[in-house]
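Under mature numbering (1 follows the signal peptide of the UniProt record, and there is no 0), the letters of the sequence shown match residues -19 to -1, 1 to 517, in that order.
As structure tokens, the structure follows; a few thoughts come after it.
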Amino acid sequence: MRKALLFLLLISQFTFSQSDVSKLVDSLTMNLSDKEKANIALKIAAELKSSDWKRSLHYIEFSEKLAKKIDSDQVTADINIKIGDIYNEKDAFDIALTYYLKAYEYNRENNVDERKYHLENSLAIIYARLNNKDKALHYFNNLLKYHRKKKNTTFTAKALNNIGTLYMSNDILDSAMVNFKESLVLSKKIHDEKLNSILYNNLGICYTRLNNFEEAKSYFDKSIAIAEKNATDKNKAWIYNSISKMYLLKKQPAPALSYAQKASSLLENEKYSFEYKNALINIYKSYLLKGDYKNAATYFETYDQIRDSLNIESKAMNVEKLKLEQEHKENEELRLLKESKENFKYYIIGLSLIMVMMILFILLIKYRNRLTNAQLEKDLFEAKKNELDANLELKNKELITNSMMEIQRAEIIEQIIDDLRELKLQSQKKETLQTIDTIIKQLGKRDNNSLWEEFELHYGHVNESFYNILNEKHPELTYRDKRLCALLKLNLTTKEIAQITGQSIKSLENARTRLRKKLNLTNTNLDLVTYLVNLN
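Below, the structure written as structure tokens:
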């Protein structure tokens, strides 16, 4: 079974050149890319896998470190395939499987068909050797579909042979023969004599197990006819042993012995092999069937020695396999521990950075809130100030308007008093004179100056700073000058001021000219009203 399953593996494995290891090691010191160094390290590991496993393992680990440094999924997948090949050749199937599956996952997800199906071939053979029929069939069938789709007759035939061999090893003979016969049809088309010989022998084995010896012999004859022309001694011995077993089942010791002896003679230089052991057991059984117990005992003793030797070798291989698996497990645990420490360190650094960022973020929010609150307070203050200014201005205007109306009323009263005095001079009646005097007294209780003083009092209360600055800068101004300044500051026109004060426009113009001179604005382009408004 193992020989048949390895057939496809052998035709699809990559092979490394037998380069001198020291030259390969020296090349690692050259100025090469990490990818090139990783590939060279794996070539060294492949060369040393049988002679110096510790060094081989060192270069495998070195290539894995470089793969991490490169940080490319494709490069990592390629490296995993090559590492899997090394462990596969060391019969460390579980470890090889781990690497193959990692590479397979990448190639499957990225639809890299050629590498994906190369890996399915390797996975199928490993699962078959691990006696996991279902998994092996899964990958063999995937491989078969791929080669059929590509119309690759050679690999389709070989895939069918491997599937048939898997069924045969599990005694599912009907399915095995269906696959063998389909493979044989294709193999004949491409004239693959080596594969034809293997298929004829496999069909002979199946028919032997079904006790259809006539069909079995027919296929064995075809197989041996081809094998004797171009097959290796080991392949010929495998076929002779298969024929010998058929004759033993038929209870025909003579031909069984003849074919078994042919097989043993071909393996003289490979006595410590499983096929030579099979030849010896067939010779022993043939002598036993003939009743030649002496020769039977002799060959059984030789068989027993070979079997013990192979068992010891098998045990040694198992020990070596366990050792490899243990070393791999320990290295994996160390790697995971290192990664865990590194990840924890990065976790702490990341957490610290997040905390610092959160603190800065909180401080930033607080600062922004403070700025926002400050702006809101400023806006509120400005709004209140504007509101107060507006209210103040409104009250100021109302106060001034009222005051001005009072002044105008007083001036009208004063004019009436003047008219009454003239009327008094013209009147002769005592009663009329007394009445006029009484009216004059009543109207004269408040004079115009007192009203202007009241206006100045109210205006000064509202615009205290204006009068303070005006008195400080221009102490020489008269009462009338200050009154005119106050009215001008209210941005009243000359006509409006004339109506309020009862003066003529011309007299007001002259008053404004005199005021400009007193305020030292005569030789400037500065407007009198503008100067007074900005005096605060």
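Ideal placement from N, C-alpha and C gives every residue a C-beta, glycine not left out.
None of these values were measured; they are calculated from a predicted model.
Local Cβ density within 10 Å of threonine 482, reported as buried at 16 or more and exposed below that: Classification for threonine 482: buried.
Could you have a look at proline 234 and say whether DSSP puts it in helix, strand or coil? Taken through DSSP and simplified to helix, strand or coil, proline 234 comes out as helix.
Between which residues of its own chain and alanine 244 is the CB-CB distance below 6 Å, once the five residues before and five after are set aside? Excluding sequence neighbours, alanine 244 sits near Ala218, Tyr221, Asn222, Ala260.
Under 9 Å between the Cβ atoms of lysine 410 and isoleucine 421? For the pair lysine 410 and isoleucine 421, the CB atoms are not nearer than the 9 Å cut-off.
Euclidean distance between Cα positions of lysine 226 and asparagine 263: One Cα belongs to lysine 226, the other to asparagine 263, and the distance between them is close to 7 Å.
Does the distance from the CB of glutamine 55 to the CB of tyrosine 81 come in under 9 Å? No, Cβ-Cβ distance for glutamine 55 and tyrosine 81 is not below 9 Å.
Exposed or buried, glutamate 90, counting other C-beta atoms within 10 Å across all chains shown (16 or more means buried)? Per the 10 Å Cβ criterion, exposed.
Can you tell me whether glycine 272 is helix, strand or coil according to DSSP? Correct three-state label for glycine 272: coil.
If we require 4 or more residues per run, which alpha helix (DSSP H) segments fall completely within the segment 135 to 223? The segment 135 to 223 contains these whole alpha helix (DSSP H) runs: 154 to 171, 174 to 190, 194 to 211.
Could you check the C-alpha separation between alanine 73 and leucine 165 for me, to the nearest Å? Going from the Cα of alanine 73 to the Cα of leucine 165 covers about 33 Å.
Is it a yes or a no for the segment 506 to 513 touching the segment 457 to 471, going by three-plus beta-carbon pairs under 8 Å? By the C-beta criterion, the segment 506 to 513 is judged to be in contact with the segment 457 to 471, since at least 3 inter-stretch pairs fall below 8 Å.
Serine 254 - DSSP class collapsed to helix/strand/coil: Coil, per DSSP.
Kindly indicate which three-state DSSP category residue 529 falls into: helix, strand or coil? In the structure as shown, the chain starts at -19 and stops at 517, and residue 529 therefore has no counterpart that could be examined.
With H, G and I counted as helix, E and B as strand and the rest as coil, what does DSSP make of aspartate 72? Three-state DSSP puts aspartate 72 in coil, outside helix and strand.
Pull up the CB-CB distance for methionine 149 and alanine 140, whole angstroms please, since I reckon it's below 8 Å. No, methionine 149 and alanine 140 are not in contact; Cβ-Cβ is about 15 Å, not under 8 Å.
Limits of the unbroken alpha helix (DSSP H) element including histidine 99: 94 to 110 is the extent of the alpha helix (DSSP H) around histidine 99.
Please list, in chain order, all residues of the same chain as serine 103 whose beta carbon is under 6 Å from its beta carbon, the five residues on each side excluded. Tyr81, listed in sequence order.
CB contact flag (lysine 71, lysine 30, <9 Å): One thing to note: lysine 71 has its Cβ within 9 Å of the Cβ of lysine 30.
Would you report the Cα separation of serine 37 and asparagine 182, rounded to the nearest angstrom? Straight through space, the alpha carbons of asparagine 182 and serine 37 are spaced by roughly 39 Å.
Test item: CB-CB of isoleucine 287 and tyrosine 253 under 9 Å: Yes, these two residues count as a Cβ contact at 9 Å.
Quick check: the Cα distance between glycine 65 and histidine 119, rounded to an integer number of angstroms? Roughly 20 Å between the two C-alpha positions.
Where serine 14 falls: helix, strand or coil (DSSP): In this structure, serine 14 counts as coil in the three-state DSSP scheme.
Grab the span of the alpha helix (DSSP H) containing lysine 4 for me, first residue to last. It spans 2 to 8 - the alpha helix (DSSP H) in which lysine 4 sits, taken as one unbroken run.
Note down, in chain order, each residue of its chain lying with its Cβ closer than 7 Å to the Cβ of histidine 128, except the 5 sequence neighbours on either side. These residues qualify, in order along the chain: Phe136, Thr137, Ala140.
What number of angstroms, rounded off, separates the C-alpha of leucine 167 from the C-alpha of glycine 145? Rounded to the nearest angstrom, the gap between the Cα atoms of leucine 167 and glycine 145 is 14 Å.
Can you name the start and end residues of the alpha helix (DSSP H) that glutamine 409 belongs to? For glutamine 409, no alpha helix (DSSP H) run applies, since DSSP gives it neither H nor E.
Answer with yes or no whether the minimum CB distance from asparagine 452 to chain D is below 9 Å. Of the protein chains in this structure there is only one, and it is not chain D.
Expressed to the nearest angstrom, what Euclidean distance is found between the alpha-carbon atoms of glutamine 484 and arginine 493? Approximately 13 Å between the Cα atoms of the pair.
Serine 267 beta carbon less than 9 Å from that of leucine 230: Contact: no.
Which of the three DSSP states is assigned to lysine 30 in this structure? Coil at lysine 30, not helix or strand.
As assigned by DSSP and simplified to three states, the class of glutamine 484: Three-state result, glutamine 484: coil.
Contact set for leucine 147: own chain, Cβ-Cβ below 7 Å, skip 5 residues either direction: Excluding positions up to five away in sequence, the list reads Ala109, Lys114, Ala117, Leu118, Phe121.
Considering only the alpha carbon of each residue, which of Tyr68, Asn69, Ile67, Lys63 lies closest to alanine 84? Of the candidates Tyr68, Asn69, Ile67, Lys63, the one whose C-alpha sits nearest the C-alpha of alanine 84 is Lys63.
For asparagine 151, which residues from the same chain have a beta carbon less than 6 Å from its beta carbon, with the 5 sequence-adjacent residues on both sides left out? Cβ neighbours of asparagine 151 beyond the five flanking positions: Lys114.
Straight-line CA distance for glutamate 323 to leucine 100? The alpha-carbon separation between glutamate 323 and leucine 100 amounts to approximately 32 Å.
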